[in-house]
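Asker:
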Amino acid sequence: MLTSIAGQSVIVTGGSKGIGKGIAKVFAAQGAKVLVAARGLADAEATAEQIRKSGGTAVAHAADVSDWESVQRLVAKTIEVFGQVNILCSNAGIFPQKKMVELSPDEWDHVMTTNLKSTFLCVKACIPAFEKAGKGRVVVTSSITGPITGYPGWAHYGASKAGQLGFLRTAAMELARYNTTINAVMPGNIITEGLRDLGQAYLDGMAAAIPLKRLGRVEDIGNAALFLASDEASYITGQTIVVDGGQILPESAEAIDSI
Ligand code: NAP
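Following this note's numbering, the numbering of the sequence shown begins with 18 at its first residue and continues without gaps.
#1: Is Val82 near ligand 1, going by C-beta to nearest heavy atom under 7 Å?
#2: For Ala54, verify whether its CB is less than 7 Å away from any heavy atom of ligand 1.
#3: Flag this pair as yes or no: are the beta carbons of Leu185 and Ile199 separated by less than 8 Å?
#4: Could you compute how far the alpha carbon of Val76 sits from the alpha carbon of Ser33?
#5: Is there contact here, the region 179-197 with the region 236-243, by at least three beta-carbon pairs under 8 Å?
#6: Within 10 Å of its beta-carbon, does Lys116 have 16 or more other beta-carbons around it, so buried, or fewer, so exposed?
#7: Do three or more CB pairs link the region 95-113 to the region 154-168 at distances below 8 Å?
#8: Which whole-angstrom value is the C-beta distance of Asn153 and Asn108, which I expect to be below 8 Å?
#9: Taking the alpha helix (DSSP H) that Leu212 belongs to, which residues open and close that run?
#10: Across which residues does DSSP place Val51 in a beta bridge pair?
#11: Output the boundary residues of the beta strand (DSSP E) element that contains Ala201.
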């Protein structure tokens, strides 16, 4: 049993759908006050409403994590409604699949800005709040794709997700003076709206390649994030945890077949 995070103020970027929605629900179920942030206010509001109907506390806010002004407004809004920011879950991201021969330099930049620069912007914007609170927690949603594995069509995405880990190792050192930790969850294939867009054949192929023989659930990531945000994880910083049902383990297709 982890020490309660009840009453703590949490920003979840990309909290309207998928993994972010799972994180938001897991944190809200533990009594945290959740700021659900996404570009689309209707979806963010729908998630916040679901949380409120379950007895939790949540407020929706429209924000674009790739835009510095918008990120600053997100942090200001959180302080306005909840009084402080204790935990940042930097989760928003996109994964458009396109091989390098077709990928334009602008498309590369768009993924880098949305996935990697956004992590820097969100962390930077929260530093004054963490300093004021006397402590803070950052949980980044990275991926196995990039830091560990590769997949055709995701060179830009993989670079952005590996970049997040490079960022967090130095960020961990700089945030230490604010009694703030930063760690990353590295999901495998988790059933989300974004993953479903890749098609049933992709989902079936992935499930078959995972030793635990199922795709991940958003709560699997939410629970890992909850641990990293807990008091019990206060001495862990600059680290990563893979949550993938064993997907990165097999050396070959035969290894999976012989389970
Ligand atoms: P998803 O279902 O497509 O949801 C993405 C969320 O991010 C939505 O709430 C979306 O809302 C928000 N978002 C996208 N761009 C944004 C922006 N510029 N500003 C603010 N919010 C933005 O995706 P997901 O599968 O849950 O993925 C979430 C994170 O997990 C990503 O960082 C992804 O790289 C990572 N991940 C996912 C998997 C997986 O298997 N699903 C595996 C490894 C890592 P709006 O569109 O309304 O802004």
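All residues carry an ideal CB built from backbone N, CA and C; glycine is no exception. Note that the structure is a prediction, hence the values are computed from the model and not measured.
Answerer: Taking the coordinates as given:
#1: yes
#2: yes
#3: yes
#4: 11 Å
#5: no
#6: Classification of Lys116: exposed, given that the 10 Å Cβ count is below 16.
#7: These segments touch.
#8: The sequence given here places Gly at residue 153; Asn does not occur at that position. About 16 Å; that fails the 8 Å criterion.
#9: Glu210 to Arg213
#10: Partner(s): Val27 and Ala75.
#11: Thr197 to Pro204 is the span of the beta strand (DSSP E), which, as asked, contains Ala201.
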